[in-house]
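Quick note on numbering: the sequence shown equals residues 334 to 597 in the working numbering. Quick reminder that beta carbons are idealized off the backbone N, C-alpha and C, glycines included.
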Amino acid sequence: MTNKRETKATVLVKHHLKQLRLPTMASECDSLAEQAARDNQDHLAYLLKLTERELIERERKSAERRLKAARFPAHKTLDQFDFSAQPTVNKPLVAQLAAGDYLGSRENILLVGPSGTGKSHLAISLAINACSQGKRVRFWRVTELITCLLEAKEERQLLRIRNQLAKLDLLVLDELGYVPASKAGAELLFDVIATAYERNSIIVTTNLPFENWPEVLGNQRLTGAALDRLTHRCHIIETKGESYRLKDAKRRSGKAQKAKKKTA
Ligand code: ADP
Ligand code: MG
Numbered sequence: 334m335t336n337k338r339e340t341k342a343t344v345l346v347k348h349h350l351k352q353l354r355l356p357t358m359a360s361e362c363d364s365l366a367e368q369a370a371r372d373n374q375d376h377l378a379y380l381l382k383l384t385e386r387e388l389i390e391r392e393r394k395s396a397e398r399r400l401k402a403a404r405f406p407a408h409k410t411l412d413q414f415d416f417s418a419q420p421t422v423n424k425p426l427v428a429q430l431a432a433g434d435y436l437g438s439r440e441n442i443l444l445v446g447p448s449g450t451g452k453s454h455l456a457i458s459l460a461i462n463a464c465s466q467g468k469r470v471r472f473w474r475v476t477e478l479i480t481c482l483l484e485a486k487e488e489r490q491l492l493r494i495r496n497q498l499a500k501l502d503l504l505v506l507d508e509l510g511y512v513p514a515s516k517a518g519a520e521l522l523f524d525v526i527a528t529a530y531e532r533n534s535i536i537v538t539t540n541l542p543f544e545n546w547p548e549v550l551g552n553q554r555l556t557g558a559a560l561d562r563l564t565h566r567c568h569i570i571e572t573k574g575e576s577y578r579l580k581d582a583k584r585r586s587g588k589a590q591k592a593k594k595k596t597a
């Protein structure tokens, strides 16, 4: 429904604002003008409020876009991480990394530990924080990245994907080492790591102790060089113990059994 008091001037202002690509200012200029009149605000105070709304909405939209582009497999935050279940994880270090300074100095993060101990959870949480700090992030399961690189190579599209990766501030490589890579795949992966080493930060999660890396990357020299680059300027977080899922399942079934006994 059009506002009865919509004059030729307001129609034109809205049109101009849209032309100038200021859609939030266009949609809110009416209601904020009424509010400014009620509150006896002067023109500049009104303009300030209107431009602020545009900026806030713009930032919200681009944060949403960055989060979508990162392709996280799940939304995991640090608030949801139970540090008491992982007492060996250095909580102050995680808090410091969450602030994102490592990204400015292109440092890497290596999360090492057995399956189900929260490596991916921590990696995603830190990467989500990076997104909200305005960084461009992409999450890859290593096997998916290798498949994608091998396909791109076949189609002579490697340059395109390399250019995409080069634009990132943070690359998350999840599950390095679950599946041994082929020689060609390992070489392509190594190339991504080497390139990223000079330009951006990498977060790697792995269940592999360092000494087993050659088995996976298949080549002592290649592995040595990859490890060397990854661990230079690197924060290492070690997760330990039993799988959180398993523990959680045991705790739940324990509770259920107790409840059964009570009702019996
Ligand atoms: P990993 O990558 O080490 O195999 P995940 O991060 O995928 O393990 O964790 C498995 C599941 O358990 C996920 O749903 C994760 O959110 C949850 N989880 C693991 N550790 C914790 C923790 N300390 N607090 C809360 N949830 C956890
Ligand atoms: Mg994982």
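Nearest to residue 417 (by Cα), restricted to the options 592, 587, 582, 572
As a first step, residue 417 is located in the sequence shown; it is residue number 84 there, counting from the start. Selected option, being the one with the closest Cα: 572.
When you compare the CB positions of residue 362 and residue 381, do they come within less than 8 Å of one another, or not?
Looking up residue 362 in the sequence shown gives position 29. Looking up residue 381 in the sequence shown gives position 48. Not a contact, by the Cβ cut-off of 8 Å.
Just checking residue 515 against the ligand MG - is the residue's beta carbon closer than 7 Å to any of the ligand's heavy atoms?
What you label residue 515 is simply residue 182 of the sequence shown in a count that begins at 1. Not under cutoff, so the answer is no.
Coil, strand or helix - residue 416 by DSSP:
Numbered from its first residue, the sequence shown carries residue 416 at position 83. Note: residue 416 maps to helix in three-state DSSP.
Which runs of the beta strand (DSSP E), 3 residues or longer, sit entirely within the stretch 522-575?
534-539, 567-571
Is the beta carbon of residue 457 less than 8 Å from the beta carbon of residue 414?
Looking up residue 457 in the sequence shown gives position 124. Looking up residue 414 in the sequence shown gives position 81. No.
Excluding sequence positions up to five away, which residues of its chain have a Cβ less than 6 Å from the Cβ of residue 529?
Reading the sequence shown from its first residue, position 196 is the one you call residue 529. Cβ neighbours of residue 529 beyond the five flanking positions: 504, 535.
Can you say whether residue 388 is buried or exposed, counting buried as having 16 or more other CB atoms within 10 angstroms of its CB?
Translated into positions along the sequence shown, residue 388 becomes position 55. Exposed: under 16 other Cβ atoms inside 10 Å.
Any non-hydrogen atom of the ligand ADP closer than 7 Å to residue 368 Cβ
For the purposes of this step, residue 368 is identified with residue 35 of the sequence shown, where counting begins at 1. No, since every heavy atom of the ligand ADP falls outside the 7 Å radius drawn around the Cβ of residue 368.
Residues of its chain near residue 318, where Cβ-Cβ distance is below 7 Å and the 5 sequence neighbours each way are ignored
Nothing can be reported for residue 318, as the shown portion of the chain is limited to 334 through 597.
If you reduce the DSSP assignment to three classes, tell me which class residue 471 lands in.
Residue mapping note: residue 471 aligns to position 138 of the sequence shown, counting from 1. DSSP places residue 471 in strand when its eight states are reduced to three.
Residue 520 to residue 359, Cα distance in whole Å?
Residue 520 sits at position 187 when you count from the first residue of the sequence shown. Residue 359 sits at position 26 when you count from the first residue of the sequence shown. So the two alpha carbons sit approximately 52 Å from each other.
Beta-bridge partners of residue 507, as assigned by DSSP
As a working note, residue 507 is residue 174 in the sequence shown. DSSP output for residue 507 lists 474 as bridge partner(s).
Under three-state DSSP, which class holds residue 362?
Counted from its first residue, the sequence shown places residue 362 at position 29. Helix.
Is the beta carbon of residue 523 sitting closer than 8 Å to the one on residue 559?
Taking the first residue of the sequence shown as position 1, residue 523 is located at position 190. Taking the first residue of the sequence shown as position 1, residue 559 is located at position 226. Yes. Within cutoff.
Under 8 Å between the Cβ atoms of residue 462 and residue 431?
Residue mapping note: residue 462 aligns to position 129 of the sequence shown, counting from 1. Residue mapping note: residue 431 aligns to position 98 of the sequence shown, counting from 1. A contact, by the Cβ cut-off of 8 Å.
For residue 582 and residue 562, the rounded distance between their alpha carbons
By 1-based counting over the sequence shown, the position of residue 562 is 229. By 1-based counting over the sequence shown, the position of residue 582 is 249. Taking the straight line joining both Cα atoms gives about 39 Å.
Hey, how far is the Cα of residue 459 from the Cα of residue 377?
The residue given as residue 459 occupies position 126 in the sequence shown. The residue given as residue 377 occupies position 44 in the sequence shown. Approximately 40 Å, taken between the alpha carbons.
Could you spell out the range, first to last residue, of the alpha helix (DSSP H) harbouring residue 427?
Along the sequence shown, read from residue 1 onward, the residue named residue 427 stands at position 94. Taken as a continuous stretch (DSSP letters only), the alpha helix (DSSP H) holding residue 427 covers 424-431.
Whole-angstrom C-beta distance between residue 468 and residue 436, which should lie under 8 Å:
By one-based count along the sequence shown, residue 436 stands at place 103. By one-based count along the sequence shown, residue 468 stands at place 135. That pair is a contact at about 6 Å.
Which partner residues of residue 444 appear in the DSSP bridge assignment?
For the purposes of this step, residue 444 is taken as the residue at position 111 of the sequence shown. DSSP, once it has assigned bridges, lists 538, 570 as partnering residue 444.
Any residue with its C-beta under 6 Å from a non-hydrogen atom of the ligand MG counts. Can you list them all in chain order?
452, 453, 507, 508, 538
Selected residue, minimal CA-CA separation from residue 496, among 514, 475, 487, 532:
Position 163 of the sequence shown, counting from 1, holds the residue named residue 496. With distances taken between Cα atoms, residue 496 lies closest to 532.
Counted within 10 angstroms of its Cβ, other Cβ atoms place residue 340 as buried (16 or more) or exposed:
For the purposes of this step, residue 340 is taken as the residue at position 7 of the sequence shown. Classification of residue 340: exposed, given that the 10 Å Cβ count is below 16.
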